[in-house]
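In the numbering used here, the protein residues as written are 1 to 697.
I have placed the structure first, in the form of structure tokens, so that the comments after it can refer back to it.
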Amino acid sequence: MRHVSGLAHEPRMILPKTVQRSGHPSTTKDANGPARLEAQRKKPTPRAPKANSHKSERSMNSDRWHIFVSSTFEDLQDYREAARTAILGLDHFADDMLFWSADERSTLSYSTDRVGDSDAFILILAHRYGTIPPGGGISIVEAEYLAAREAGIPILAYFLDEKVPWPPDFVDFRNRELLEDFKDKVRTEVTKKTFRTPEELALQITQALSQLGRRRKTLQSETGLLARRAKVVNSPVDLLSELNPLIQIGTSVDGLPLLLQVSRGIDLDPIFEELAEIASISGRPAPTGMLDTFRQSLEGYAAEAWLAAQVQEVHMATGSRQTLFVTRTNLTQLFQSLLSGLILGGASYRVRRGRGAIDTHPLGGPISASVIRAFVANDTSPVRPPREPSLESVGGANRFLGVSPVTGNLFSVGQVDDRWTEWRDFHEESISSSFPHVQFVLRGSGQIGEVADGGTYTEALKDCALHLADSNGEIDLHVDAFVSRMDVAEVMVKAAQRLARMHEVGSVHGDLKPDNILLGASGPILIDHFALQIGGISPGWTPEWSAPEQVLGLPVSAASDIYSLGVMISRLTGATLVGEVRKLRTLPTADGDTEFDVFYNPIPALPPGRATQDPASFRAWSRLATRCLRFDPDQRITTAEELVERLNELIAEHPLTGFLKVTLPGRLAVATLIDGSTTVVRLLEDFQSRQKPSHAI
């Protein structure tokens, strides 16, 4: 082994830290598709095509496609024959029910399964809705269409011209409304063409399939280009044998595959060059054999040591032990919580209002306004019983990512009494699950790129990758996510509901702040609580977020968590807290500090000329925040249930306007995953920082 390489970096961010009382552990921060058919019909929201589906990959690697033809049967036999003729004329295979063999599955299941194995889907509609299976709410034809949407395959839709004379026996008067709803759905989700005769339909299908073939050849060429530039992803087991493996550790906040680049080595060449210079005597070079022998020995030892250094036996919460790879970079440096990035990111954008005005962001590109939906999710997930704090961690310094080399599963781990211990479950965040109206702005080389929503975001990234990816697969592109304040307010309601359930069992979080609220696929997750009981004394606090009684070491209550939510409400409106500041003398912290500044009944205020809301709306939200921030806990809103009620009233009566921005963390790159697909990914780095040694002779 001649060259052991690696990276050395400085930590990228410093997040709010929790103060630890002397002699007490402190726990914070880790950021870190029969009965179903009716429901499907009532939820016509289109689903974005899946990227890199196996159908698409097979199509690009084969000149003969499997094309599914869907329509009602008796009324459209001549038209189905025209479609088959067009497909066969292009040397493709037409999947028509006339040629299906017997199967133990129901007609519905059999047909939808065949749709999923197809490369393209042709839909032909006239004046019949089609057979509705017993117990179902939609026809087989509509179910086949939904299966094609779910599979993400190309759909070619053709409607009979309404002016064409049609036999009354072939007009479905009973299900007319269902048919019109279905047609409206198709018009909304795909581009449809109108035909009058079988010959015209055959010509349209031939033209469309030819165009599709040209597009796919272009896509094949583009994919091949990306594959040549792509990074190659390792299996998790390579963590045990490779110095610098690249592994997938789940999904990033924007839905891209999330990769971890492990860098365990350093470049030894400069060290040996310096050693050779030092060993030279009077200009006489040191013996080459001696240096090579030493180099080989040191490289071998160093590689073994670096491989073993991060593979640890971890005591799991279940009582078992697992061998895990543990990152050197803690979770606060690897990840940033979405809520923290939005509320504390410093970017705040107003909405222009007036005749003909639309919501915009200051970069100049239009952003569609989020529809205000005053709702609160009916969240009934159980409250996990509090665990005793067992890990000492100030500012998340003792929170690391543990990766199983066998399964690839992720854990949050840390050290307790010189042994590695599982702390809690590892949670992924999803920006689209929490904020369905999120808008993405792609910026490359200092220029503002296009604005994309959740449905077009992946394709926009791929298009940028074709132009921006360098020979190493790196993409010079940054992504800003814009989220409406109202969507963030609704997330805060859900967080308060979860807090209320903690209070119901007598537990106080004790360290509530944006860093400790993760936005998972099923809603907010409150992490890293102190496992305090009402009336207990907190082992620590976070300056600016914790209630005064917590700083003073007095008994905590539900109102202590309400204080922290009050600070978040103030930040959400874009306000700054002003008012009297009192210096409190406290018991010594672990760092020996005994004095801290704490607001006394602060008031949210907006800097002149920077109003983010209309005056009446801001005053209403400010009054709620002020009630949460009273110095005396008895004068605050005392229950999370009451706070939820007040937040819902404000959302309905005084909706917030404007957007908050967060720049999504992690570098963008192109990578070939374990399954062989090539796609755009996000990269995080686990680095080993080493200083160059000094020598003295």
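Backbone N, C-alpha and C define an ideal beta-carbon position, used for all residues, glycine too.
Through-space distance from residue j to residue i, alpha-carbon basis
i, j, result
"D75", "L212", "28 Å"
"F173", "L684", "59 Å"
"E450", "A481", "12 Å"
"K231", "E428", "23 Å"
"D476", "R284", "47 Å"
"D614", "A652", "15 Å"
"Q310", "R328", "7 Å"
"R64", "F93", "7 Å"
"A202", "R682", "44 Å"
"S70", "E189", "17 Å"
"L291", "W306", "22 Å"
"R355", "A500", "For R355, the predicted structure reports a pLDDT of 26, less than 50, and the residue's modelled location is therefore unreliable. A value from the coordinates is still provided. Spanning the two alpha carbons is a distance of roughly 42 Å."
"L146", "H66", "18 Å"
Exposed unless 16 or more other CB atoms sit within 10 angstroms - verdict on residue i
i, result
"A625", "buried"
"P548", "buried"
"L668", "buried"
"E422", "buried"
"G135", "exposed"
"R399", "buried"
"Y301", "exposed"
"A82", "buried"
"P604", "buried"
"V581", "exposed"
According to DSSP, residues forming a beta bridge with residue i
i, result
"A120", "I67"
"D480", "V441 and T663"
"I537", "Answer is none; I537 lacks a bridge partner."
"K583", "D597"
"F93", "H66"
"G520", "G523"
"S507", "Q533"
"D453", "Q439"
"S412", "L401 and R424"
"Y744", "This structure gives no information on residue 744, because the portion of the chain shown stretches from 1 to 697."
"I247", "N234 and L260"
"A671", "K231 and T679"
"Q322", "V314"
7 Å Cβ shell around residue i - same chain, five flanking residues per side excluded
i, result
"K513", "P16, T542, W545 and S564"
"T251", "P257, L258 and E428"
"Q322", "V314, M316 and S404"
"D169", "none"
"V233", "L246, I247, Q248, L259, A671, T672, L673 and I674"
Residue i (DSSP reduced to helix, strand or coil)
i, result
"W420", "strand"
"R187", "helix"
"K192", "strand"
"F687", "strand"
"L706", "There is no way to answer for residue 706, as the model of the chain reaches only from 1 to 697."
"S139", "coil"
"P633", "helix"
"H467", "helix"
"Y129", "coil"
"T626", "helix"
"I271", "helix"
"S617", "helix"
"E474", "strand"
"F335", "coil"
"P168", "helix"
"P134", "coil"
"L212", "helix"
"R610", "coil"
"I153", "coil"
Any chain B beta carbon closer than 9 Å to residue i
i, result
"P604", "Checking the listed chains, one finds no chain B in this structure; it contains a single protein chain."
Same chain, Cβ closer than 6 Å to residue i, five either side skipped, listed in chain order
i, result
"A51", "Residue placement at A51 is flagged as unreliable, the pLDDT there being 38, under the threshold of 50; the coordinate-derived value follows with that caveat. So the qualifying residues of the chain are T458."
"I132", "S139"
"H654", "S617 and A620"
"N516", "I527 and D528"
"S368", "With a pLDDT of 34 at S368, under the threshold of 50, the predicted position of this residue should be treated as unreliable, though the coordinate-derived value follows. Cβ neighbours of S368 beyond the five flanking positions: none."
"L461", "V680"
"K193", "Y158 and Q204"
"A469", "R229, I475 and V670"
"L647", "V493"
"A148", "V115, F121 and I155"
"W420", "Q312, V314 and V413"
Contacting residues, own chain, Cβ-Cβ under 8 Å from residue i (five flanking each side not counted)
i, result
"L552", "L584 and T586"
"G535", "P555, V556 and S557"
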